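Residue numbers (our numbering): 3 to 170.
Glycine residues also receive a C-beta, built at the ideal position from the N, C-alpha and C atoms.
Bear in mind the structure is a predicted one, so any value in this text is a computation, not a measurement.
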């Protein structure tokens with residue numbers, strides 16, 4: 003069974019005589035009906051777009067809620083680096099679960115060290131003189147994350163001022 007979504011139809015001009023409605027009135031009503039159908043279709047599309055935006059925001063918030071857990075596990079793993087203990091093994095397993103949850107939410111981390119500072123992707127917490135070129139990232143304090151190509155959290159970094167550099 004197929005559904006036709008063409009312009010509404012009037013049986014024929016003879017119907018105008020039977021109902022006492024003029025052909026001009028039928029034409030006006032027909033154009034009103036077509037306009038109303040188009041308005042409703044536009045409304046339906048707008049509601050679908052709004053629903054998609056709300057869904058994306060919910061996914062972003064779910065991913066952001068996991069990031070402090072990711073950070074805490076990363077700090078714990080860094081504190082126990084080089085150890086072969088049950089604690090470190092358990093922390094690594096938990097980190098794997100959090101990373102998998104972030105992946106399933108469409109979230110991915112990005113590396114910053116050694117790259118040029120970009121204010122869209124990085125938040126500079128510190129700047130210091132170094133042998134490195136100006137505005138090169140020297141250290142990363144918190145990893146940055148993207149979701150659906152958008153930054154949901156910028157990386158928190160330390161930036162080089164170059165030799166004898168001054169912050170700009």
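Beta carbon proximity, residue i to chain C, threshold 7 Å
i	result
residue 135	Included in the structure is just one protein chain, with no chain C present.
Neighbourhood of residue i by C-beta, 6 Å cutoff - its chain only, sequence neighbours within 5 removed
i	result
residue 128	160
Closest residue to residue i among the options (Cα-Cα distance)
i	options	result
residue 106	68, 52 and 135	68
residue 62	137, 152 and 23	152
residue 116	81, 103, 27 and 140	140
residue 136	122, 112, 166 and 113	166
Beta-carbon spacing of residue i, residue j below 7 Å
i	j	result
residue 134	residue 146	no
residue 150	residue 84	no
residue 56	residue 110	no
residue 87	residue 132	no
Sequence-distant residues of its chain with Cβ nearer than 7 Å to residue i (five each side left out)
i	result
residue 3	The predicted model places residue 3 with a pLDDT of 48, which falls under 50 and marks its position as unreliable, so this point remains unresolved.
Neighbourhood of residue i by C-beta, 8 Å cutoff - its chain only, sequence neighbours within 5 removed
i	result
residue 97	72, 75, 76 and 79
residue 125	156, 157, 158 and 159
residue 66	154 and 155
residue 82	89, 90 and 93
Supposed contact pair residue j and residue i - C-beta distance, whole angstroms, cut 8 Å
i	j	result
residue 138	residue 118	6 Å
For this session: Please go through the stretch 36 to 112 and give each complete beta strand (DSSP E) segment of 3 or more residues, from N-terminal end onward.
Result: Counting whole runs of 3 or more residues, the stretch 36 to 112 contains the beta strand (DSSP E) stretches 109 to 112.
Exercise. Taking the runs of the beta strand (DSSP E) that are 3 residues or longer, which of them lie wholly in the stretch 139 to 170?
Worked result: Within the stretch 139 to 170, the complete beta strand (DSSP E) runs of at least 3 residues are 139 to 144, 146 to 149, 152 to 155 and 157 to 164.
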